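The numbering of the sequence shown is our numbering, which starts it at 58 and goes up by one. For every residue, glycine included, the Cβ atom is placed at its ideal position computed from N, Cα and C. Note that the coordinates shown come from a computational prediction; the quantities given were computed from them, not determined experimentally. Report on the following structure.
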Amino acid sequence: MPEARYKRVLLKLSGEALMGEREYGIDPNVVSRMATEIKSVIDMGIEVCAVIGGGNIFRGISGAASGMERATADYMGMLATVMNALAVQNALEKAGVETRVQSAIPMDSVCEPYIRRKAERHMEKGRVVIFAAGTGNPFFTTDTAAALRASEMGCDAMLKATKVDGVYSADPKKVKDAIRYDRLTYLDVLSRDLQVMDASAISLARENKIPILVFSIQKDGGFAEVMAGQGKFTIIT
Ligand code: UDP
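Encoded structure:
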């Protein structure tokens, strides 16, 4: 088994990562593959927590564009992340990994409320804590929630799972000669407006000195490889 380079990490999975080839919603096969990826990192002895997006179900900004009040639409988006968190929890438990979902919007009969010290304790016991409902506030994104929770939980890295193996100068699926970067600084990302995470997430990670590792979740075993410092990824420090 490859040796772990990190002790505690936060994985940010976008809602779209759970969609697979579908246009909307959750593909159970994809979710169970994600669970296998997470399990292999847990098996390396790394403590893992996760923030899951909601874009596969509802995005506040799209709701607002079609005439809803932005804050209301954002609350709907946050509720969407809870559904995704439950789907990932279910798949992880099936794979034999103990989990807890903690929601920033209290929902007592569905999951635990977010309590930092409790989350800390779960992680020490080897449970995967899935943080749902983003930050609990409208006008934010789950990227910012990821940077916030990674800071609160003292994570030594934040992993951004994408469809490509790192950060490129342009979308490599559209621009043939897009340049791939192995290493970037937070300021590079901000000043060149590289589409990694939103600016508030990058700033928070920068302030708290949490490296961001961007890697492809499409490759089997990719998450564990990155955790061992192998494979392809972009590191932002
Ligand atoms: N959201 C929010 N506050 C938060 C996190 C998320 O209002 O702290 C809402 C927002 O409407 C967002 C939606 O939840 O569009 C889904 O999250 P996001 O777009 O970040 O999901 P992803 O792109 O990662 O799938």
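Three-way DSSP call (helix, strand, coil) for residue i in this model
{"i": "Ser257", "result": "helix"}
{"i": "Met140", "result": "helix"}
{"i": "Glu104", "result": "strand"}
{"i": "Tyr63", "result": "coil"}
{"i": "Ala218", "result": "strand"}
{"i": "Arg90", "result": "helix"}
{"i": "Arg127", "result": "helix"}
{"i": "Phe290", "result": "coil"}
{"i": "Phe115", "result": "coil"}
{"i": "Arg79", "result": "coil"}
{"i": "Ser226", "result": "coil"}
{"i": "Lys266", "result": "coil"}
{"i": "Ile274", "result": "coil"}
{"i": "Ile99", "result": "helix"}
{"i": "Leu205", "result": "helix"}
{"i": "Leu251", "result": "coil"}
Residue closest to residue i, alpha-carbon to alpha-carbon, out of the options
{"i": "Met101", "options": "Arg90, Tyr63, Thr138, Met135", "result": "Tyr63"}
{"i": "Leu205", "options": "Lys276, Thr192, Ser248, Met125", "result": "Thr192"}
{"i": "Leu247", "options": "Ile259, Asp239, Glu80", "result": "Ile259"}
{"i": "Ala218", "options": "Met91, Tyr171, Gly82", "result": "Met91"}
{"i": "Met284", "options": "Ile95, Glu78, Glu80", "result": "Ile95"}
{"i": "Val98", "options": "Phe280, Ala214, Leu70", "result": "Phe280"}
{"i": "Ala137", "options": "Leu75, Ser226, Leu241, Lys175", "result": "Leu75"}
{"i": "Leu149", "options": "Thr291, Arg184, Met125", "result": "Arg184"}
{"i": "Cys168", "options": "Gln159, Phe290, Ile236, Ser71", "result": "Gln159"}
{"i": "Thr198", "options": "Leu67, Lys175, Gly117", "result": "Gly117"}
{"i": "Glu295", "options": "Leu241, Glu181, Asp200", "result": "Any question about residue 295 goes unanswered here, given that the chain covers just 58 to 294."}
{"i": "Lys69", "options": "Thr201, Pro85, Ser119", "result": "Thr201"}
{"i": "Ser119", "options": "Asp131, Val108, Ile109", "result": "Asp131"}
{"i": "Ala36", "options": "Met133, Ala128, Phe188", "result": "For the chain, the structure presents residues 58 to 294; residue 36 sits outside this window and is missing."}
{"i": "Leu244", "options": "Pro268, Met215, Arg157", "result": "Pro268"}
Residue i CB to nearest heavy atom of the ligand UDP below 7 Å
{"i": "Thr129", "result": "no"}
{"i": "Thr201", "result": "yes"}
{"i": "Gly102", "result": "no"}
{"i": "Glu71", "result": "It should be noted that the sequence gives Ser, not Glu, for residue 71. Correct: Ser71 has its Cβ closer than 7 Å to the ligand UDP."}
{"i": "Pro36", "result": "In the structure as shown, the chain starts at 58 and stops at 294, and residue 36 therefore has no counterpart that could be examined."}
{"i": "Asp267", "result": "For clarity, residue 267 is Ile in the given sequence; the question names Asp instead. Answer for Ile267: no, Cβ out of range of the ligand UDP."}
{"i": "Met254", "result": "no"}
{"i": "Ala173", "result": "According to the sequence displayed, residue 173 carries Arg and not Ala. The answer is no for Arg173."}
{"i": "Met180", "result": "no"}
{"i": "Asn113", "result": "yes"}
{"i": "Arg206", "result": "no"}
{"i": "Gly77", "result": "no"}
{"i": "Arg116", "result": "yes"}
{"i": "Met164", "result": "no"}
Near the ligand SAH: residue i beta-carbon under 7 Å from a heavy atom
{"i": "Thr294", "result": "As far as ligands go, the structure on display features the ligand UDP and does not contain the ligand SAH."}
Can you give, in chain order, each stretch of the beta strand (DSSP E) that sits fully within the segment 152–202 and has at least 3 residues? Scanning the segment 152–202 from its first residue to its last, the whole beta strand (DSSP E) runs of 3-plus residues come out as 156–160, 185–189.
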